[in-house]
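Asker: This is the structure, below, for whatever I ask next.
Residue numbers (this note's numbering): 143 to 571.
Right, here's the structure in full:
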């Protein structure tokens with residue numbers, strides 16, 4: 143399965159015909175399963191606020207991804223939530239008022255957003271004469287890690303990367319736009335010092351770009367990995383994560399069932415193409431890897447039932463031997479070694495995130511159209527489910543995107559129906 147914006151279709155093929163999947167299980171924590179319930183009883187469900195945006199998304203006539211939300215990210219301060227959609231638009235929401243405040247596009251002048259003017263508007267078209275333009279679905283997005291200036295970057299299936307300054311609610315500004323010329327882009331991440339932007343996608347390499355925040359300029363410096371020589375990834379790269387504790391370290395996850403660790407300080411010339419280590423036993427299908435704040439652990443969510451959620455202790459990383467997970471959990475947060483586990487049970491995560499306090503984890507599941515919020519125990523090994531966000535129309539749909547605010551007080555989920563759900567987690571912090 144390919145978890146990127148356009149290639150998730152293989153795993154969701156049943157949606158093209160609109161047929162229901164009667165074999166898909168309804169999620170329920172198994173009675174007595176460790177970590178699947180809180181200490182005070184059954185797992186608690188939390189009310190999710192749905193941001194209804196179906197009115198401003200034109201139907202592209204593609205049954206599987208009618209107005210799908212493929213990516214979500216909270217701004218560093220948590221006041222904004224950005225989403226990337228199949229129709230080629232990036233939508234920005236105010237997390238306090240739950241309003242959509244911007245609607246941006248890399249390919250066309252964006253339509254006017256409800257509640258605020260944006261860069262460019264459609265002119266010369268009556269509403270009844272409006273026609274869907276050529277679309278390049280937005281596959282991923284990231285905020286520049288800066289609490290003062292709100293810079294938002296996005297990539298699409300045409301291989302274009304663009305950046306907007308959305309510090310002003312009234313007038314967002316397109317800062318830069320560039321075509322990378324390497325086919326579909328599906329993954330991106332900034333270093334914590336804001337000096338570099340990593341990009342990856344269809345050609346399996348990781349592009350290292352120098353980034354000048356003041357001007358928004360990007361310059362391709364070099365690439366990591368080579369499919370031809372077998373160094374790094376052998377297939378499309380779906381996820382990138384920068385180490386918060388080191389501006390030189392980045393992790394990449396691909397369709398080849400590899401998660402690679404790279405250190406741009408290591409090696410010169412040809413040696414720079416080599417990863418410093420790899421993880422064993424992952425099947426990542428989307429943007430679902432994240433570092434701990436101290437850079438010692440890496441979390442990965444795999445599109446499968448067994449060992450869907452895994453933690454890797456990077457202090458044990460070796461260039462000679464792939465690293466195995468130190469902790470593994472099923473979708474319902476029960477340990478993988480639990481003998482009472484139900485074989486084949488799981489929701490097949492497509493997207494996941496981890497907050498900066500390393501307490502809250504979120505994951506979007508394709509199989510049962512469900513988003514889950516987990517709390518990680520700091521005093522002992524273990525996860526527990528503390529919140530759920532089911533897709534409104536669970537039959538014939540999928541939950542595709544998940545995000546958590548850096549502070550861990552908000553979670554968000556995006557579905558194949560275009561809805562965005564925001565869950566308040568402040569009571570758990």
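Note that beta-carbon positions come from the ideal geometry of N, C-alpha and C, so glycine has one too.
Please list the terminal residues of the continuous beta strand (DSSP E) segment that includes residue 349.
Answerer: Run containing residue 349: 348-354, per the beta strand (DSSP E) assignment.
Asker: Could you give the residue range of the beta strand (DSSP E) that holds residue 137?
Answerer: Within the shown structure, residues of the chain are numbered from 143 to 571, placing residue 137 beyond reach of any answer.
Asker: Do residue 456 and residue 404 come within 8 Å of each other at the CB atom, strictly closer than that value?
Answerer: Contact flag unset, no.
Asker: Quick one: measure Cβ to Cβ for residue 512 and residue 532, integer angstroms, because I've assumed they're closer than 8 Å.
Answerer: Indeed, because the Cβ distance is near 5 Å, the residues count as touching under 8 Å.
Asker: Ordered along the chain, which non-local residues of its own chain (more than five positions away) have a Cβ less than 6 Å from that of residue 231?
Answerer: These residues qualify, in order along the chain: 245 and 247.
Asker: Just to confirm, are residue 419 and residue 461 a CB contact at a threshold of 8 Å?
Answerer: A contact, by the Cβ cut-off of 8 Å.
Asker: For residue 428, which residues from the same chain have a beta carbon less than 6 Å from its beta carbon, with the 5 sequence-adjacent residues on both sides left out?
Answerer: The residues are 145, 380, 492 and 493.
Asker: My assumption, with CB atoms under 8 Å, is that residue 282 sits in contact with residue 213. Please give the rounded CB distance.
Answerer: Contact holds; Cβ gap of about 5 Å.
Asker: Can you check whether the CB of residue 386 is closer than 8 Å to the CB of residue 437?
Answerer: Closer than 8 Å, so yes.
Asker: Should residue 343 and residue 318 be called a contact, given that it needs their Cβ atoms to be closer than 8 Å?
Answerer: Contact: no.
Asker: Hey, which unbroken runs of the alpha helix (DSSP H) at 4 residues or more fall wholly within the stretch 423-483?
Answerer: You should have found no qualifying run.
Asker: Quick check on residue 239: does DSSP put it in helix, strand or coil?
Answerer: DSSP places residue 239 in coil when its eight states are reduced to three.
Asker: With a threshold of 6 Å on Cβ separation, who are the neighbours of residue 295 within its own chain once the five nearest residues in sequence on each side are excluded?
Answerer: These residues qualify, in order along the chain: 284 and 305.
Asker: Reducing DSSP to helix, strand and coil, say where residue 313 ends up.
Answerer: In the structure shown, residue 313 sits in coil (DSSP, three-state: anything other than H, G, I, E or B).
Asker: Hey, residue 496 and residue 570: beta-carbon distance below 8 Å or not?
Answerer: Contact flag unset, no.
Asker: Taking residue 227 as the reference, give the member of 565, 568, 566 and 561 with the closest Cα.
Answerer: Taking only the C-alpha atoms, the option nearest residue 227 is 561.
Asker: Just to confirm before moving on: does the CB-CB distance between residue 372 and residue 346 stay below 8 Å?
Answerer: Contact flag unset, no.
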